[in-house]
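First the structure, in the form of structure tokens, and then the observations on it.
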Amino acid sequence: MFSRYYFSAPSGEKRYLCDSCDRTYSNRSSLKRHMNYECGKLPAFPCTLCSYATKRKTSLASHYYRKHVGEDGALPPPHEPDYIVPE
Ligand SMILES: [Zn+2]
Ligand SMILES: [Zn+2]
Numbered sequence: 097m098f099s100r101y102y103f104s105a106p107s108g109e110k111r112y113l114c115d116s117c118d119r120t121y122s123n124r125s126s127l128k129r130h131m132n133y134e135c136g137k138l139p140a141f142p143c144t145l146c147s148y149a150t151k152r153k154t155s156l157a158s159h160y161y162r163k164h165v166g167e168d169g170a171l172p173p174p175h176e177p178d179y180i181v182p183e
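Take the sequence shown: its position 51, counting from 1, is numbered 147 in the numbering used here, and each next residue is one higher.
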């Protein structure tokens, strides 16, 4: 899956090419990160308290109540999720 590459003109440098878009990377691990976490992904609302992430803000809210509201009913700190576009 990560074996494709091409030689970019004119330097002949070997670049790894994403199967799903036209981005290229100089090393395989960067391509793998892109394909796993970036490529084709829609903006997400990540939970700041665990690894949960959802594409819907309402789902994040219900996740908070189910998972992170303490026994005393205290809510976690206010959260304004912003999707951060990786470099
Ligand atoms: Zn891609
Ligand atoms: Zn969470």
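For every residue, glycine included, the Cβ atom is placed at its ideal position computed from N, Cα and C.
Source: prediction; values computed, not measured.
Here tyrosine 112 is buried: its Cβ has 16 or more other Cβ atoms, across all protein chains shown, within 10 Å.
The C-beta distance from alanine 140 to threonine 154 rounds to 13 Å, too long to meet the 8 Å contact threshold. Look at leucine 145: its beta carbon is less than 6 Å from one of the heavy atoms in ligand 2. No heavy atom of ligand 1 is found nearer than 6 Å to the CB of arginine 124.
DSSP lists Thr120 as the bridge partner or partners of leucine 113.
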